[in-house]
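One structure is given here, and the rest of the page talks about it.
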Amino acid sequence: MSRERAAVMVEYQARACRSLGSSLYAFLLERVARDVREGGPCAAALAGYEDAPGPDAVALRLLGGVHALALTGRAPDLAACYPSTGGSFDPDDPEPCWRAFRDAVVNGMEWVRDWMTRPPQTNEVGRSNLLIAGLLEVTGAAPLPIRLFELGSSAGLNLRADRFRYVAGAFAWGPADSPVVLDDAWADAPPVWLLDAAAERPELTVIERRGCDLTPIDPLSPDGALALRAYVWPDQTARFARLEGALRVAARVPAQVEAIGAADFLARIRPEPGTLTVVWHSIMRQYVPGEEWARVERELDRLARTSTPQAPFAHISFEPRRIGDRHRFLLAVRLCETAETVLAKARPHGLPARPVTA
C-alpha cells in the first residue's frame, strides 16, 4: 500500500510538471511511477519515503538527485538527453532517456539516496517578477531606503531582485546590463500602476538584504550552486539562464540568509525611522506548519501595528490561495496597517504576470 501511495504522489508531480511546461519530467515521472509499482530501482530510491507528506516533494528530490548526476558528469548517457547539459530530449522517442535515467538511479543509488534527505530548494528567480512589482507599488507611499527581509529565502537570490531587469514589450525596469533578464514579464501590457511606479522610481535603494531558511544554501559555494541547478527542470532552459545570471549577481551583491525559522526571524525585526522595512516571501507558506505560520502572522501584525509614517512597514507575498476548487498564485501587498491589496496573478514560476482587477 505504501508503494502504491508513492506511485500516486509521483504521478501527481508528473501532472504538475506537464502543466508547467516540462514534457521531459512529465514523461520520466510517469515511468518512475510504473517502476515504483513494479519494485524497480526507483522503488529502492524512494524506500522509506513512501508515506512522506506532500510538501516533502519526494519526487522532486529524486529528480534533483539524478539531475545532479548528469550535471557533474556522473551520468553521461542521461546528460545526452538533458538540454541543461547540452543534450536533447526527443518526445517522439523518449525511451532512451528513460533507460538512461533508470541506469543513473541504479549506478548512483548511494548518491540519490543522500539527495533524498535534502528538501527541494527551488530558488525560482522568475518569482522576483511579482515581488519587485509589489515593492515598486508600496514605495510610492513610502519613498525611503529599503530594509529587505525574506522568509524562506533558500539561497537568497531574490533578495537581489532590484538588480534584475524586467521586460514586457516596450516596458523595461532594472539595470540595463543585468545578467538576469526576465523577458515577457507580463502577459499583456503591464498595469498602469506598475508603469507609473516604474517611471517614478527607475531605481530603488536597498540598504539591507537579509533572509531566513531552515536549510539555507550558499549560492557562492560549488555544492550550493549545484543544488540550485539540480532543482531547475532540465528542459526549461530559460529558467537555467535566469539562475546562471542570478548566481553572477549574487557574487557581487551581498545578502545574508540565516538558518532560522520564519517566526523567530521576524521576532527580531523592528521598524526603523527613515527606512521602509519590507518582509516578502514567495511560494513557501505551504512548507510551514500551521502553528508556526500563526506565529508568523502575529509577528507581521506586530510590525504593521508598530510602524509609523517615519518608520513604515510593508508585507509583500506571492503565494497560492484557494479560490473555489482551484489554487491561484497571487501577489498581495499591505502597507503598515492598511488593508491587504491583491495586485496580480501568475503561474508558480512567476512568468508571465497578469493584473488582477476587482
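Residues in the sequence shown are numbered consecutively from 0, following numbering that gives the first Met the number 0.
Where is the CB? At the ideal position from N, CA and C, for every residue including glycine.
Check: What separation, rounded to the nearest whole angstrom, lies between the Cα atoms of W172 and L329?
Finding: Distance between the alpha carbons of W172 and L329 is about 21 Å.
Notebook entry, point to check: So A160 packs on L193, CB below 8 Å; how close in whole Å?
Noted result: About 14 Å separates the Cβ atoms of A160 and L193, ruling out a contact at the 8 Å cut-off.
Notebook entry, point to check: DSSP on H348, reduced to helix/strand/coil?
Noted result: coil
Notebook entry, point to check: Within 10 angstroms of its Cβ, does E109 collect 16 or more other Cβ (buried), or is it exposed?
Noted result: exposed
Margin query: Please report the straight-line C-alpha distance between A5 and L227, rounded to a whole angstrom.
Written below: 25 Å
Item checked: Buried or exposed (CB count within 10 angstroms, at least 16 for buried), T121 -> T121 is buried by the Cβ-count criterion.
Margin query: Tell me which residue opens and which closes the beta strand (DSSP E) that D212 is part of.
Written below: Looking at the DSSP string, the run of the beta strand (DSSP E) that includes D212 is V205 to D212.
Checklist line | Distance, G168 Cα to T116 Cα | finding: 43 Å
Check: Which ranges does the alpha helix (DSSP H) cover as unbroken runs of at least 4 residues, wholly within the stretch 17-98, from first to last along the chain?
Finding: 22-36, 40-44, 57-70 and 75-78
Check: In the stretch 272-313, which residue ranges form an unbroken alpha helix (DSSP H) of at least 4 residues, counting only runs that do not cross its ends?
Finding: Qualifying alpha helix (DSSP H) stretches, in chain order: 289-305.
Note to self: Looking only at its chain, what residues have a beta carbon closer than 6 Å to the beta carbon of A293, apart from the 5 residues adjacent to it on each side?
What the structure shows: Its chain contains no residue whose beta carbon lies nearer than 6 Å to that of A293 once the 5 sequence neighbours on both sides are disregarded.
Notebook entry, point to check: In angstroms, rounded to a whole number, what distance separates the CA positions of S83 and D102?
Noted result: Rounded to whole angstroms, S83 to D102 spans 19 Å at the Cα level.
Note to self: Residues in the same chain with beta-carbon distance under 6 Å from L302, minus the five sequence neighbours each way, listed in chain order, please.
What the structure shows: F312
Next item on the list: Using three-state DSSP, classify Y165 as helix, strand or coil.
Entry: strand
Next item on the list: Just the C-alpha distance for Q235 and S21, rounded to the nearest angstrom, thanks.
Entry: The C-alpha of S21 is placed about 7 Å away from the C-alpha of Q235.
Next item on the list: Indicate whether the contact test is met: 3 or more Cβ pairs, each with one atom in the stretch 263-280 and one in the stretch 232-249, closer than 8 Å.
Entry: no
Notebook entry, point to check: If we count the other Cβ atoms within 10 Å of its Cβ and call it buried at 16 or more, is I206 buried or exposed?
Noted result: exposed
Notebook entry, point to check: By a C-beta neighbour count over all protein chains shown, 10 Å radius and 16 as the cutoff for buried, is Q309 buried or exposed?
Noted result: exposed
Check: Along the chain, where does the beta strand (DSSP E) that runs through L330 open and close?
Finding: For L330, the enclosing beta strand (DSSP E) stretches over residues R325 to L334.
Notebook entry, point to check: Since S127 sits in a beta bridge, which residues does DSSP pair it with?
Noted result: Partner(s): none; S127 has no beta bridge.
Check: From D195 to A188, what does the alpha carbon distance come to, in whole angstroms?
Finding: For D195 and A188, the gap between their C-alpha atoms comes out near 13 Å.
Check: What is the DSSP secondary structure of E339, counted as helix, strand or coil?
Finding: coil
Notebook entry, point to check: What separation, rounded to the nearest whole angstrom, lies between the Cα atoms of T138 and G63?
Noted result: Taking the straight line joining both Cα atoms gives about 38 Å.
Item checked: Test item: CB-CB of P233 and Y81 under 9 Å -> yes
Check: Cα-Cα, which of L350, I216 and S316 is closest to L147?
Finding: S316
Item checked: Residue(s) in a DSSP beta bridge with W185 -> A352
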